[in-house]
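Throughout the sequence shown, residue numbering follows UniProt numbering, covering 1 to 125 in sequence.
In this text, a Cβ means the ideal position worked out from N, Cα and C, and glycines have one as well.
Everything below concerns the one structure shown next.
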Amino acid sequence: MTCLLFKRGGFMAGLINQIGKQIRILRKNRGLTQEQLGEIVKLPQSYIGGVERGEKNISIETRERFILALKVSPSEVFGTELPSDKEKILDLLKVLLQNRSLKEIEIIYNLSKDVLSAFDAKSAD
């Protein structure tokens with residue numbers, strides 16, 4: 001008798017597919033190709049593609065390498081819910097700012113506050 005957890009197409013297959021989809025979304029949100037991510041985690045592009053398609057059941061150690069490379073929390077990779085559009089855009093903003101200096105980030109923050117204040121003032125009219 002085969003346990004549901006290990007049955008092909010069962011719960012585990014769905015989880016493996018979901019993790020692969022999450023990795024693909026996170027990789028694309030960071031503007032990385034499969035090849036670039038592969039270089040960071042020291043795995044071939046073909047393996048990255050297999051993970052993203054749910055064809056590879058990766059080890060905990062390999063998942064940790066993805067988590068570190070993508071600069072995300074474990075829950076973002078293991079999460080079963082896909083991020084909302086708002087979460088995707090907030091993630092993209094974070095990625096845009098990651099390689100900026102503190103001074104640049106402060107300027108962008110202050111500009112954003114000014115723009116939001118203008119939006120708030122306009123909506124109050």
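Asked: Neighbour-count burial assignment, L111, 16 or more Cβ in a 10 Å radius; Found: exposed
Asked: The stretch 106-121 contacting the stretch 52-68, beta-carbon criterion three pairs below 8 Å; Found: no
Asked: N- and C-terminal bounds of the alpha helix (DSSP H) containing R65; Found: I60 to L70
Asked: Close Cβ partners of N29 (< 8 Å) along its chain, the five nearest in sequence each way excluded; Found: K88, D91, L92 and V95
Asked: The alpha helix (DSSP H) enclosing N110, as first and last residue numbers; Found: L102 to A124
Asked: Sub-8 Å separation of Q45 and Q34 beta-carbons; Found: yes
Asked: Beta-carbon proximity check, L26 vs V72, cutoff 8 Å; Found: yes
Asked: Nearest-angstrom beta carbon gap, F78 and V41 [assumed within contact, 8 Å]; Found: Not really, about 17 Å apart at Cβ, beyond 8 Å.
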